[in-house]
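Number of protein chains: 2
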Amino acid sequence: MDAAEFRRRGKEMVDLIADYLENIEQRPVYPDVEPGYLRSLIPEEAPEEPDTYEDVVKDIERVIMPGVTHWHSPYFYAYFPTANSFPAMLADMLSGAIGCIGFSWAASPACTELETVMMDWLGKMLKLPEDFIAGTHGQGGGVIQGTASEATLVALLAARSRAVRMILASDPQRPETGITSKLVAYSSDQAHCSVERAGMIAGVRMKKIPTEQSDKYAVQGETLRRMIQEDKAAGLIPFYVRTEHTHPLLQYSGLRKYSPPCHVSGPALYVSVLLVLHICIFVSGNAEKIWMHIDAAYAGSSFICPEFRPLLNGIEFADSFNFNPHKWLLVNFDCSTMWVRKRSDLIGAFKMDPLYLKHDHQESGRYFYTDNSLFRSLKMWFVFRMYGLKGLQDYIRKHVELAKEFESLVRADQRFEISADVVLGLVCFRLKGSNEVNETLLKRINNGRKIHLVPCQLSGQFVLRFAVCARTTESRHIREAWRLITQLAEEVMQELPH
Amino acid sequence: MDAAEFRRRGKEMVDLIADYLENIEQRPVYPDVEPGYLRSLIPEEAPEEPDTYEDVVKDIERVIMPGVTHWHSPYFYAYFPTANSFPAMLADMLSGAIGCIGFSWAASPACTELETVMMDWLGKMLKLPEDFIAGTHGQGGGVIQGTASEATLVALLAARSRAVRMILASDPQRPETGITSKLVAYSSDQAHCSVERAGMIAGVRMKKIPTEQSDKYAVQGETLRRMIQEDKAAGLIPFYVRTEHTHPLLQYSGLRKYSPPCHVSGPALYVSVLLVLHICIFVSGNAEKIWMHIDAAYAGSSFICPEFRPLLNGIEFADSFNFNPHKWLLVNFDCSTMWVRKRSDLIGAFKMDPLYLKHDHQESGRYFYTDNSLFRSLKMWFVFRMYGLKGLQDYIRKHVELAKEFESLVRADQRFEISADVVLGLVCFRLKGSNEVNETLLKRINNGRKIHLVPCQLSGQFVLRFAVCARTTESRHIREAWRLITQLAEEVMQELPH
Chain U
0 MDAAEFRRRG
10 KEMVDLIADY
20 LENIEQRPVY
30 PDVEPGYLRS
40 LIPEEAPEEP
50 DTYEDVVKDI
60 ERVIMPGVTH
70 WHSPYFYAYF
80 PTANSFPAML
90 ADMLSGAIGC
100 IGFSWAASPA
110 CTELETVMMD
120 WLGKMLKLPE
130 DFIAGTHGQG
140 GGVIQGTASE
150 ATLVALLAAR
160 SRAVRMILAS
170 DPQRPETGIT
180 SKLVAYSSDQ
190 AHCSVERAGM
200 IAGVRMKKIP
210 TEQSDKYAVQ
220 GETLRRMIQE
230 DKAAGLIPFY
240 VRTEHTHPLL
250 QYSGLRKYSP
260 PCHVSGPALY
270 VSVLLVLHIC
280 IFVSGNAEKI
290 WMHIDAAYAG
300 SSFICPEFRP
310 LLNGIEFADS
320 FNFNPHKWLL
330 VNFDCSTMWV
340 RKRSDLIGAF
350 KMDPLYLKHD
360 HQESGRYFYT
370 DNSLFRSLKM
380 WFVFRMYGLK
390 GLQDYIRKHV
400 ELAKEFESLV
410 RADQRFEISA
420 DVVLGLVCFR
430 LKGSNEVNET
440 LLKRINNGRK
450 IHLVPCQLSG
460 QFVLRFAVCA
470 RTTESRHIRE
480 AWRLITQLAE
490 EVMQELPH
Chain F
0 MDAAEFRRRG
10 KEMVDLIADY
20 LENIEQRPVY
30 PDVEPGYLRS
40 LIPEEAPEEP
50 DTYEDVVKDI
60 ERVIMPGVTH
70 WHSPYFYAYF
80 PTANSFPAML
90 ADMLSGAIGC
100 IGFSWAASPA
110 CTELETVMMD
120 WLGKMLKLPE
130 DFIAGTHGQG
140 GGVIQGTASE
150 ATLVALLAAR
160 SRAVRMILAS
170 DPQRPETGIT
180 SKLVAYSSDQ
190 AHCSVERAGM
200 IAGVRMKKIP
210 TEQSDKYAVQ
220 GETLRRMIQE
230 DKAAGLIPFY
240 VRTEHTHPLL
250 QYSGLRKYSP
260 PCHVSGPALY
270 VSVLLVLHIC
280 IFVSGNAEKI
290 WMHIDAAYAG
300 SSFICPEFRP
310 LLNGIEFADS
320 FNFNPHKWLL
330 VNFDCSTMWV
340 RKRSDLIGAF
350 KMDPLYLKHD
360 HQESGRYFYT
370 DNSLFRSLKM
380 WFVFRMYGLK
390 GLQDYIRKHV
400 ELAKEFESLV
410 RADQRFEISA
420 DVVLGLVCFR
430 LKGSNEVNET
440 LLKRINNGRK
450 IHLVPCQLSG
460 QFVLRFAVCA
470 RTTESRHIRE
480 AWRLITQLAE
490 EVMQELPH
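In the order they appear, the protein sequences are chains U and F.
Quick note: the first sequence, position 458, residue 457 per numbering that gives the first Met the number 0, numbers continuous.
Quick note: the second sequence, position 117, residue 116 per numbering that gives the first Met the number 0, numbers continuous.
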């Protein structure tokens, strides 16, 4: 295919995409296929001679679409939102054509530079503390990662590297493997499974901080303090705390929940002070030695609205912060934005300097040198400019309103109950009654394929999650979804003993 | 921007892309900007109200293009090729619109299924051993990763997990951190820096196997054997060997280079047998206990041609294999394909099973559940079908011929020398003389901005790398590049004492 044919096929593809997205709600949101369905629909081997483009396009409907879960259908309420907007798609087309690999400044300066500036733009939209903004002279700044899981891992590794460095500075004879085996990281027991995985990858002990329903599943400072004291007494080295929205609920716990039962002022201060006390055994004269990473993968986008920004209070005590514009800020996947207070902490943990990557502008520490950066900042640039801050705020607020609307419908029905506070775009709810009746209801809902939800578990209860996801979801879709849910609930309750 | 406007803007973008790629050779391949150039060209903050699309598009030429290194210019000979083809771009457009996140089969069955089948297609094109093909009943199979660095890390972590599991099986009381701290992995001293980084991330000792110019920088079995014996005597646990093309040369070392100075037959067998002997101290009754990962990031694409396939002989002894179709097989970034002999080794190392990812078709082990899979297999499907195997083979062969043509030009000029065998699409060459004269020559070449090359170091010598990269490179570009190089060499040699 040459450029001339691409002009024709590309325009056909633009129409195909527009058609797909304009008519997506007519498709069953959840596919009706069995595992292995696709293999029999296509040849067992690649063709020797080229196929025609017409055949390839025909196969999109024949082979692919029957097996697609339509994440951008306004009837998709499962998992969490994943962004999809026309400006982001246009930017991605351009990014694919430029097709540069931004593993150093010289490998494509525009790629590194736009990323640095876009991360500043977004950091300012979130009103991050000045320390996290790169500017021309800052020591902090942002970098795009693929996913929040990746950011968690990167933060954990940087923290590990910093902890080992600090301990070696005061005790140079201590073997490095001996240090690593004593490190212990902490994370909420409501955290996403990727946190546990990050601990496995980094080879460090990862402890879960137990939470209680009565505390709305938020980590309590006193619990954390006790764990750290016990671990220290056992000869371990606390070095990492990860906070997050409690994932199954998407209920952003808020750093205030760490606030102490003692009289230290400032929201997250307690965590910082406590951990510094412990680490200061190894390093003195430095006030913050525990790495605090805040992950607000979903909730982060809402912080561009002043009314939701208080959820991030306490950020001033964090070393790193991450959220996913590819979830709720209209920037297509992947775009997980991560800021650190000190770029050198990240660069130091991963720096490699082979000759084939050296260039004339090798100013260490000025930029992050990422490994596999596409031109992902282009889509941030297109989206921020084509929506404007106000357009993005309106978008967030609309989703929160739709969730509140759904909450009202649930609350107005005596058969149902709300299982967790509705803070942003997620409603956790269930039929009053057994787990069995709720499991049956969910199965019935998904088998209908008109709307799609997934469950979560809260203190042993099987709960249905209703996440407002698609860009095009309107009030009428919410009401239609509720109509379907109540209709199926009726059926289930008649069939099953209540 | 609504769908109607996207139809218009999308078609304009298709033309913009076609224009860019058709006229790319008129642009300076390497940009003439200083670090920080971009920040002053755009506002310091995102706009409150939307910008117009016209302004955004105008800024592509004003802000972005001056800072782009044009990887798809036929005058780009730096680093390594990165793929760019029209079928892949069309597939990426579709992938962006479908915009599903394939972290489980249910999250979008077509995404998981097409990936599994495309990995089989490609595995068959490479004539991989049957064990690596998933089929309907196989235990092995392929999965798409982002980069070869990621694949290296994944293989290392899976190997670590397997080694720990095996040791614990025979010695359940042994503390896990005590095992990890004794593990030692091996890699060539010519390996890409990402290998060292993978060791850092996994927190395991990584030793470099020294290589010699006289052996063409290939790892020697005897050297490896000696290192392993010494480490074992010191109480360490050898568990991982990574082989690769020697990256600065892109000279695929070939597994035959491991062939032993003793009488064991079979190319890579020596490595396997040797390592098994050591591991069998902990686990008996199993013939293969060292994980062998083969990374052919660049060279791998060439194995679709029968004449280059012998470079991969020995694959039958490997546990995992990886290469990057996003380098040399016309599948746009990112698409790094990794096969394992046993899917359970990977799944076992990373498995997490939270309720919110459970679904009715939870058949463990049937598929890989990747964390952040876009619909990347779509571009494999489009490219394989639109080129056909023959078209892809022709493409590889043409690049190798162009490299040979450049090699002939160098060899015909007495002032230059070839620094390493030309096996595929890379020519390592230099002016006979000092490093200084070669450094000056390279600087002069890149400052001209007409062609772009990067250096490497071979046994203390500063060497120029000439990699055939772009899809549209023709003989005339090669000859023009050589004309420029010799013209600049003339200048440099007149200025500097020879």
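Built from N, CA and C at the ideal position, the CB exists for glycine as well.
Worksheet item: Under the DSSP definition of a beta bridge, which residues are partnered with residue 144 of chain U?
Response: Start at 1 with the first residue of the first sequence, and residue 144 of chain U comes out as number 145. Answer by DSSP bridge pairing, in chain order: U:335.
Discussion item. Using beta carbons (cut-off 9 Å, strictly below), is residue 262 of chain F in contact with chain U?
Written reply: If you number the second sequence from 1, residue 262 of chain F lands on position 263. Residue placement at residue 262 of chain F is poorly supported in this model, since its pLDDT is 20, which falls under 50; the coordinates are not used for a value here.
Practice prompt. Spell out whether any CB of chain F is found under 9 Å from the CB atom of residue 373 of chain U.
Written response: Counting from one through the first sequence, the residue named residue 373 of chain U turns up at place 374. Yes, its Cβ sits closer than 9 Å to a Cβ of chain F.
Worksheet entry | Where residue 93 of chain U meets chain F, residues with beta-carbon distance less than 9 Å | Here residue 93 of chain U is taken as the residue at index 94 of the first sequence, counted from 1. Residues of chain F passing the Cβ test: 12, 15, 16, 19, 59, 63.
Discussion item. Measuring straight from C-alpha to C-alpha, what distance separates residue 15 of chain F and residue 26 of chain U?
Written reply: Within the second sequence, residue 15 of chain F is the residue found at index 16, counting from 1. Within the first sequence, residue 26 of chain U is the residue found at index 27, counting from 1. So the alpha carbons of these two residues sit roughly 33 Å apart.
Discussion item. Need the endpoints of the alpha helix (DSSP H) that residue 476 of chain U sits in, please.
Written reply: Taking the first sequence and counting its residues from 1, the one referred to as residue 476 of chain U is at position 477. 474–494 is the span of the alpha helix (DSSP H), which, as asked, contains residue 476 of chain U.
Worksheet item: Hey, residue 443 of chain F and residue 31 of chain F: beta-carbon distance below 9 Å or not?
Response: Residue numbering aside, residue 443 of chain F sits at position 444 when the second sequence is read from its first letter. Residue numbering aside, residue 31 of chain F sits at position 32 when the second sequence is read from its first letter. Contact flag unset, no.
Worksheet item: Can you pull the DSSP bridge partners for residue 430 of chain F?
Response: For this step, residue 430 of chain F is matched to residue 431 along the second sequence. Residue pairing for residue 430 of chain F: DSSP places it in a beta bridge opposite F:415.
Worksheet item: Which residues, in chain order, does the segment 422–456 of chain F contribute to contact with chain U at a C-beta distance below 7 Å?
Response: If the cut-off is 7 Å between Cβ atoms, the segment 422–456 of chain F has 453, 454, 455, 456 near chain U.
Practice prompt. Using a Cβ-Cβ cut-off of less than 7 Å, give me the residues of the segment 317–333 of chain F that come near chain U, in sequence order.
Written response: So the close ones are 331, 332, 333.
Practice prompt. Specify, as a first and last residue, the run of the beta strand (DSSP E) that residue 110 of chain F falls within.
Written response: As a position in the second sequence, residue 110 of chain F is number 111, starting the count at 1. Here residue 110 of chain F belongs to no beta strand (DSSP E); instead the alpha helix (DSSP H) covers 108–124.
Discussion item. Just to confirm before moving on: does the CB-CB distance between residue 70 of chain F and residue 83 of chain F stay below 9 Å?
Written reply: Your numbering for residue 70 of chain F matches position 71 in the second sequence. Your numbering for residue 83 of chain F matches position 84 in the second sequence. The answer is yes: Cβ separation under 9 Å.
Item to complete: Measure the beta-carbon distance from residue 80 of chain F to residue 466 of chain F and round it to whole angstroms, keeping in mind my assumption that it falls under 8 Å.
Response: Here residue 80 of chain F is taken as the residue at index 81 of the second sequence, counted from 1. Here residue 466 of chain F is taken as the residue at index 467 of the second sequence, counted from 1. For a cut-off of 8 Å, the C-beta gap from residue 80 of chain F to residue 466 of chain F is around 7 Å, short enough to register as a contact.
Discussion item. Is there a Cβ of chain F sitting closer than 9 Å to that of residue 124 of chain U, yes or no?
Written reply: Translated into positions along the first sequence, residue 124 of chain U becomes position 125. Closer than 9 Å to the CB of residue 124 of chain U there is at least one CB belonging to chain F.
Fill in: residue 480 of chain F at chain U interface by Cβ criterion, 9 Å
Stepping through the second sequence from its first residue, residue 480 of chain F is reached at position 481. No, no contact with chain U.
Practice prompt. Go through its chain and collect everything with a Cβ distance to residue 464 of chain U's Cβ below 7 Å, but skip five positions before and after it.
Written response: Here residue 464 of chain U corresponds to residue number 465 of the first sequence, with the count starting at 1. Answer for residue 464 of chain U: 425, 427, 452, 453, 454, 455, listed in chain order.
Discussion item. I need the DSSP call for residue 392 of chain U, collapsed to helix, strand or coil.
Written reply: Here the question's residue 392 of chain U lines up with position 393 in the first sequence. Three-state result, residue 392 of chain U: helix.
Worksheet item: Between which two residues does the alpha helix (DSSP H) harbouring residue 16 of chain U extend?
Response: Taking the first sequence and counting its residues from 1, the one referred to as residue 16 of chain U is at position 17. It spans 2–21 - the alpha helix (DSSP H) in which residue 16 of chain U sits, taken as one unbroken run.
Worksheet item: Can a CB atom of chain F be found closer than 9 Å to the CB of residue 85 of chain U?
Response: Working through the first sequence from its first residue, we reach residue 85 of chain U at position 86. Yes, its Cβ sits closer than 9 Å to a Cβ of chain F.
Discussion item. By the 7 Å beta-carbon criterion, what residues does the segment 376–402 of chain U contribute toward chain F?
Written reply: Flagged, chain order: 381, 383, 384, 385, 386, 387, 388, 389, 390.
Item to complete: Could you tell me whether the Cβ atoms of residue 144 of chain U and residue 335 of chain U are closer together than 9 Å?
Response: The count along the first sequence starts at 1 and reaches residue 144 of chain U at position 145. The count along the first sequence starts at 1 and reaches residue 335 of chain U at position 336. Pairing residue 144 of chain U with residue 335 of chain U gives a Cβ-Cβ distance under 9 Å.
Worksheet item: residue 109 of chain U and residue 100 of chain U look like a contact to me (Cβ under 8 Å); what is the Cβ gap, rounded to whole Å?
Response: Translated into positions along the first sequence, residue 109 of chain U becomes position 110. Translated into positions along the first sequence, residue 100 of chain U becomes position 101. So it is not a contact: roughly 13 Å between Cβ atoms.
Worksheet item: Where does residue 42 of chain F land, buried or exposed, given buried means 16+ other C-beta within 10 angstroms?
Response: Translated into the one-based positions of the second sequence, residue 42 of chain F becomes position 43. In summary, residue 42 of chain F is exposed, with fewer than 16 beta-carbon neighbours lying within 10 Å of its beta-carbon over all protein chains present.
Worksheet item: Would residue 174 of chain U be called buried (16 or more neighbouring beta carbons within 10 Å of its own) or exposed?
Response: As a working mapping, residue 174 of chain U is identified with position 175 in the first sequence. If you draw a 10 Å sphere on the C-beta of residue 174 of chain U, you find fewer than 16 other C-beta atoms in it, and that means exposed.
Worksheet item: Would a check of beta-carbon distances place residue 236 of chain F closer than 9 Å to chain U?
Response: If you number the second sequence from 1, residue 236 of chain F lands on position 237. Judged by the 9 Å Cβ criterion, residue 236 of chain F is not in contact with chain U.
Fill in: Counted within 10 angstroms of its Cβ, other Cβ atoms place residue 7 of chain U as buried (16 or more) or exposed
For the purposes of this step, residue 7 of chain U is taken as residue 8 along the first sequence, with counting starting at 1. Under this definition residue 7 of chain U is an exposed residue.
Worksheet item: Can you find a C-beta in chain U that's less than 9 Å from the C-beta of residue 66 of chain F?
Response: The count along the second sequence starts at 1 and reaches residue 66 of chain F at position 67. Judged by the 9 Å Cβ criterion, residue 66 of chain F is in contact with chain U.
Worksheet item: What do you reckon, are the CB atoms on residue 46 of chain U and residue 387 of chain F nearer than 9 Å?
Response: Along the first sequence, read from residue 1 onward, the residue named residue 46 of chain U stands at position 47. Along the second sequence, read from residue 1 onward, the residue named residue 387 of chain F stands at position 388. Yes, they are a contact pair.
Item to complete: Could you name the residues that DSSP lists as bridge partners for residue 463 of chain U?
Response: Reading the first sequence from its first residue, position 464 is the one you call residue 463 of chain U. Answer is U:428, U:454, bridged to residue 463 of chain U.
Worksheet item: Can you tell me whether residue 168 of chain F is buried or exposed, with buried defined as 16 or more other CB within 10 angstroms of its CB?
Response: Here residue 168 of chain F is taken as the residue at index 169 of the second sequence, counted from 1. Counting Cβ neighbours within 10 Å, residue 168 of chain F comes out exposed, since fewer than 16 surround it.
Worksheet item: Can the beta-carbon of residue 374 of chain F be found closer than 9 Å to that of residue 89 of chain F?
Response: Translated into positions along the second sequence, residue 374 of chain F becomes position 375. Translated into positions along the second sequence, residue 89 of chain F becomes position 90. At least 9 Å separates the beta-carbon of residue 374 of chain F from that of residue 89 of chain F.
Item to complete: Kindly list the residues whose CB is nearer than 7 Å to the CB of residue 126 of chain F, restricted to its own chain and excluding five residues on each side of it in sequence; keep chain order.
Response: For the purposes of this step, residue 126 of chain F is taken as residue 127 along the second sequence, with counting starting at 1. The residues are 308.
Worksheet item: the segment 41–57 of chain U: which residues have C-beta closer than 7 Å to a C-beta of chain F, in chain order?
Response: Those residues of the segment 41–57 of chain U that come within reach of chain F (Cβ to Cβ, closer than 7 Å) are 41, 44, 45, 46, 47, 48, 49, 50, 52, 55.
Fill in: Separation of residue 35 of chain U from residue 29 of chain U, as counted between CA atoms
Mapped onto the first sequence, residue 29 of chain U falls at position 30. Mapped onto the first sequence, residue 35 of chain U falls at position 36. For the pair residue 29 of chain U and residue 35 of chain U, the Cα-to-Cα distance works out to about 16 Å.
Item to complete: Please report the Cβ distance between residue 113 of chain F and residue 37 of chain U, rounded to the nearest whole angstrom; I am assuming they are in contact, meaning their Cβ atoms lie under 8 Å.
Response: The residue you call residue 113 of chain F lines up with position 114 of the second sequence. The residue you call residue 37 of chain U lines up with position 38 of the first sequence. Correct: roughly 6 Å between the Cβ atoms.
Practice prompt. Determine whether the Cβ of residue 112 of chain F lies closer than 9 Å to any Cβ atom of chain U.
Written response: Within the second sequence, residue 112 of chain F is the residue found at index 113, counting from 1. Yes, residue 112 of chain F lies at the interface with chain U (some Cβ there is under 9 Å from its Cβ).
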